[in-house]
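Encoded as structure tokens, the structure appears first; notes follow it.
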Amino acid sequence: MREPVTFIHSADWQLGMTRRYLSDEAQARFTGDRVATIRTIGDLAEREDAQFIVVAGDVFETPNLSRRDIGRACEAMAEIGRPIFLLPGNHDPLGPGSIWTRRDLTDSLPDSVTVLDGEGPFEVSRDVEIVAVPWRSKDPGRDPVTGILDTLEPTEKTRILVGHGMLDELDPDRDSTKTVDTGALRQAVTDGLVDYVALGDRHICWIDEVTGAVNYSGAHESTSFRESTRGTVLSVRIEDGRARAERREVGTWLHTELTRELTSSADLDLLREDLAAVWQKDRAIVRTELSGTLSMAAAAELDRLLDDQQQIFAAIFPWERKKLELVIIPDESDEDALGLSGFAADAMAELRELAEGGSQSANDALRLLYRLGGAR
Amino acid sequence: MRLLSLRVKDFRGIDAEEVSFSDGITVVAGRNEAGKTSLVDAFDFLIKHKATSRREEINRAQPYRTEAGPEVEAEFIIGNERVSYRKRWLTKPETVLAFLEGPRAGQTLVADEAHLAADELWGSLDSQLWEASRLMQASALDQSPLSSCSALQRALEAQAGGTIDDGSSGPLMERVTAEADRYYQPKRGDFSRSTKAAVERVTAAEKRLAEAKDALEELSDLVTTLVALEADIDDQQAVLDGQRRDLGGLAAQAESARANQSALEAATRTVETAQRDCDDAKAQLAAREALVVAAENAGSALAELLAAEASAKESLAPLEESVSDTRDTITRLKSELTDVKKSLASARRFEEQSRTKTAVERLQGQLDDCDRLTKEIAELEAGSVPVDGTVLDRVVELEQSIAIAEATANAGAARVRVESLGNPEAILLDGAEQILGPEAFEQAILDELVIEIPGQLRFTVTPDIAAGGSRRDIDRLREERREILADAGVESTSELKEAIRRCEETAAEIVRLKDRRTDRLEGREESVIRDELSRLLASLERGEEAVEGDIDALVARQEQLEVERETADAVLDSHLREADLLRTRLAETEGQVKNQQIVTTRATEDLADARSRCSDEDLEKALAESTAALTAAQSDVAKAKRLLDESGGAAVLTDYELQVKHVEGLQKILGDVRHEHGVTLGILDAKNRDGIQSAHDRAEHELQQAVAERDSILARAEAARLLEEVLARHQKETHRRYIEPFRSALRDLGRATYQDPSFDVDVSDQLEVVSRSMGGTTIPFESLSTGAKEQMSILIRLATASLVSPDDAVPILFDDTLGYSDRTRLRRIVDAIGSADGVGQIIIFTANEDRFAGLDSAARVRI
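These protein sequence lines are chains A and B, in that order. Sequential numbering of the first sequence, starting at 1, is according to the working numbering. Sequential numbering of the second sequence, starting at 1001, is according to the working numbering.
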């Protein structure tokens, strides 16, 4: 009988990542929080009584990370006090010029950290071993995980395979030679060749419904709008040859999209509520997809609302591709408010027609007219 | 407003004047300085200035001659009130406003209250229109600002169908323009500086990002290079390891092959030694055979040369004998030929001397004849006085002149006639005796003449002065004739003619003699002939002895002897050449014989010497032995080769050596790649990698910000531009509709006035006439002539009056206008003014009433 083992499965930390849409101030917090969340994972590991933490690739964003970022990451890992196994992925592959060979890192890595720089096995404990498939270059040109299965012999130990790559079942490009053979991994689990496959590269948490043991933990902190939640890890327990993984939210940052059709001030109220519902706004990045038709007054109100939110959210901006879907059409109240007559009224009518025809410039011109017209 | 009457007193030059105005046109006529303009000014004073005002212009309005203050009173209708308004300034100021008709009829206000009430009434009037509706004498012919006339605006707006300026559109337009100015240059052709700066920030950010990307790419390239180098190292190492393994296998084979190779090399060296021995034996035997052949050949050659020598000697003997004979013959012929030549020369000299003597005689004869003729010529030339025909011609000419002169003198001179009446018969004329015969002596008195009857009387007849001049001329002519005749050696003209004839005959004779002399000399110079004679005589004096002989026979003999001699010489030459040839050949043969004798002796001696050292048999034996040794050694080499081939042959050794080189080359290549890897790694480590990465991230972020800012500014700029453009277009269209009635009214008036359907005007948004078009020509208002400008100014006011509401109408005032118009234009403009009767009140002040004679419906007032 093998002893049960509990560990934290994480991946895609991509420490040092930058986002162009973040201001300097927000970027600094974004960078700092990606390190701080390592401590959160440590806290979770302690709560879950996990024996170790495994990070399935892409620990670092680039091989050119600053000494500061490397040093702070190493400090955070050192504070955890549990074994941590780091797998080189496509962002930080082994090989010439690798970050893993930089003195900045090798000198700073705490003893509790093991770089999975070979195919193993790496002994975790007397009963547990890790078989790793590190990336040796940015483009392996083949299935980056399953090749190792043919070299494995059955073992009495609990064996965890740590790899990095996109499962073919999840990749829209199923014919790619670089995707990971999902069936092979499931078969290995089914055959007892491995007990758990800890995968990275897919930033969204995903637990295999077939085996429950071929899983993505998701990134520990959100990195893009494809990730609809804050960052996650998996708490994994292997007992009696069966793995059970549970999702844990550890991240603080959120990428979220607000999609709303606006036709009246009431819709603006709903949008306001949407924004109000986002918690930890200073770590939320909002991309708006607004469509519909607004009066000039409502458009001005929308502008004020979004302008106000700029000061609160880490970032809030419209999705360029959807920008043209919001049309401004002056209504009677606008005309009353502006009180235009004569040629100015004629001009507004023409702009209205242009706006209805889809002219963004006409939309903007109406906004300007509303502002300069001194609406009462 | 309608002005009904105006009364002015003590105002500038007006003592007292009162004028009533009709509802239509009133022509107020008056001489210059009658106060027409002052009437208008007085009305303005009434409206503008309080009675208590002490303004300088009011002081100036007070006449000097009176203490009374200027006083003005007007009656007019304004709105629905008819009032009488009176003011007096300076002295006893007074203001009275009396409401005559209307809601306030019966009220009379005074002082400030009256002034305020009048102001209030006047406030309902469009003061701008009031100002614009007058065309005064002293004012410039510019356009009044009609755009600010509210009455005209209301009229035009009413016709345009709505409000033109609601009070907010204009300021809005200004704000929009100000907003657009933020983003564009004033002409909108280009962005403003701030907009450009935003665009340039993007460009700069793009540039920085590109540079950062390049730097990052460089890092990536280094990593790629390192990856490739590591792959190369792995590949090269694998290849090297394989080649080293192959080299190990080849080494054992190469060892065995190398032993066999050594054996083969030893056997080969033995063969080479045996071959050299064999070759030496063959060479010695061949040398012996060569010596034998040489001795035999030398003997044969000597025999042949000796035979040739004997043959040559035999041929030479008879030839030398023949040569001797021929030489004797030649000697004989030479002697005989000398004798013949001498005889021939003597005969030729004899013949030459004979020819010379003949020539001397002939030349001597020629010279003698020549000398005689020369003498005759000299004698003729000595006896002849040269007189030519021109002398005779001159003498004849002089005689004619003398005759004419004498005839002329005689004809005009006094004459003296002396007749002998008895004794004395002899008289002296100028001292010369003259015998008087029966004929009277008569003479013209050309010179003083002294007639003397010796012993009795002496008459001196003196000619008059004219006769004296003629006489001197005749004497001068006679003197000239005398001198010419004296030069010719004659005394009379007949003698002169005879002398000329003789002279001509002598000249002809001399010519004939000279021709004969020339003929005798046969055309040659005398001196040449004399030289030739001297030469011939000298030749004869030094002549050698000569004997007469038969020259032809001697010449024939000489030629014969010369032919014989030439033949003998040719024979001799032939024999001599043949003999020389034979002698040369003999000498050569003798030399060859001597040489060959030496060669034969030496060959024989060499052969004997060689045989004494080694016999021919010994040589043949040595060759047989060395040949056998060579055969044996070659057999050993074949055997060694077979063994070498069996052990892999030299190919194994070659392969081994090549493999060694190959492995060494691979090691070097691997070393180079490792070195390059190390260098590249060093370069990568030396890079500020995190700095490059952060610079890239920062540049990317900056570009994002710059693009967002630029796009935001450009969107706002485009919105401002669009809004401004749409507003301006609608504003322009509105203004076009707004000004159209005014333009149309002005155009219609113009067409009617100028009787020209092409008349048109361009009117600005400010209701100013920009230009006038007529007859296809467009002229800016400012460029119109003074007359045309004045006419246009009148039409503008008439058009304005035709548009405004009757409630807003004000009187049109023309003060001394149309002074610049021709009669046709004047009548048409006046007609236009007359046609405007009914659109409002028109008051015309003029000093030339006749200008407005066509206004038949006008009321006329004279002041």
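The beta-carbon is built from N, C-alpha and C at its ideal position, and this holds for glycine as well. Since the structure is predicted, the reported quantities are computational estimates derived from the model, not experimental observations.
Listed by position along chain B, the residues whose Cβ is nearer than 7 Å to that of GLU356(A) form an empty set, because the closest Cβ is around 14 Å away.
Shown in chain order are the members of the segment 1686-1703 of chain B whose Cβ falls below 7 Å from a Cβ of chain A: ARG1689, ASP1690, ILE1692, GLN1693, SER1694, ASP1697, GLU1700, HIS1701. Residues of chain B whose Cβ lies closer than 8 Å to the Cβ of SER333(A) do not exist; the shortest such Cβ separation is about 17 Å. Listed along chain A are PHE343, each with a C-beta nearer than 7 Å to that of GLN1731(B). In the three-state scheme derived from DSSP, where H, G and I count as helix and E and B as strand, VAL128(A) is classed as strand. Boundaries of the alpha helix (DSSP H) harbouring LYS1213(B): 1193-1382, taken from the DSSP string.
At a cut-off of 7 Å between beta carbons, THR1786(B) makes no contact with chain A.
Straight through space, the alpha carbons of SER235(A) and SER137(A) are spaced by roughly 29 Å. Any Cβ of chain B closer than 7 Å to the Cβ of ASN64(A) would place that residue at the interface, and such an atom is present.
Between LEU1129(B) and ASP1808(B) a beta carbon distance of about 7 Å is seen, short of the 8 Å cut, so the two are scored as contacting. The beta-bridge partner set that DSSP reports for ASN215(A) consists of ALA198(A). Just measuring C-alpha positions, the residue of HIS91(A), ALA355(A), ALA36(A), GLU129(A) sitting nearest PRO140(A) is HIS91(A). Put simply, the CB of GLU1718(B) is near chain A, with a gap under 7 Å to one of its CB atoms. Within the same chain, Cβ atoms closer than 8 Å to the Cβ of LEU1643(B) are found at ASN1260, ALA1263, LEU1264, the five residues on either side in sequence being excluded. The segment 60-79 of chain A and the segment 10-21 of chain A touch, with three or more beta-carbon pairs separated by less than 8 Å.
The beta-carbon distance between VAL1271(B) and GLN1667(B), rounded to whole angstroms, is 41 Å. This is too long to meet the 8 Å contact definition.
In chain order, SER1133, LEU1135, ILE1812 place their CB closer than 7 Å to the CB of ARG1797(B), counting only its own chain and leaving out the 5 sequence neighbours on each side. Taking the Cα of SER1256(B) as reference, the smallest distance to any Cα among GLU1071(B), GLY1649(B), ALA1359(B) is reached at GLY1649(B). Annotated as proximal: VAL250(A) and THR37(A), with beta-carbon spacing under 7 Å. For GLU227(A), no beta strand (DSSP E) encloses it, and the DSSP letter there is neither H nor E.
Inter-residue distance for VAL1660(B) and ALA1251(B) is about 10 Å (C-alpha atoms, whole angstroms).
The beta strand (DSSP E) runs lying completely inside the segment 49-119 of chain A and spanning 3 residues or more are 52-55, 84-86, 113-115, given in chain order. Using a Cβ-Cβ cut-off of 7 Å, GLU1179(B) is close to LEU368, LEU372 of chain A, given in chain order. By the neighbour-count criterion, in which a residue is buried when 16 or more other Cβ atoms sit within 10 angstroms of its Cβ, THR259(A) is exposed. SER1783(B) does not reach chain A, its nearest Cβ partner there being about 32 Å away, counting only Cβ pairs nearer than 8 Å. A residue is called buried when at least 16 other Cβ atoms come within 10 angstroms of its Cβ; PRO1386(B) does not meet this threshold and is exposed.
Here GLN1592(B) has LEU1305 as same chain residues with Cβ atoms under 7 Å from its own Cβ, once five neighbours each way along the sequence are excluded.
A contact is defined here as three or more CB-CB pairs under 8 Å, and the segment 192-208 of chain A meets this definition with respect to the segment 157-165 of chain A. Using a CB distance cut-off of 7 Å, ALA1210(B) does not count as an interface residue toward chain A. ALA345(A) and SER1127(B) have their alpha carbons spaced roughly 31 Å apart. Looking at the DSSP output, TRP206(A) bridges to TYR216(A). The residue among GLU1094(B), LYS1092(B), PRO1093(B), GLU1073(B) with its C-alpha nearest the C-alpha of TYR1085(B) is GLU1073(B). Only exposed fits SER1857(B), as fewer than 16 other CB atoms lie within 10 angstroms of its CB. Here the alpha carbon of GLY374(A) sits roughly 19 Å from the alpha carbon of LEU305(A).
In this structure, DSSP gives SER359(A) a state outside helix and strand, which the three-state scheme calls coil. The segment 1074-1125 of chain B contains, as complete alpha helix (DSSP H) runs of 4+ residues, the segments 1111-1123 (chain order).
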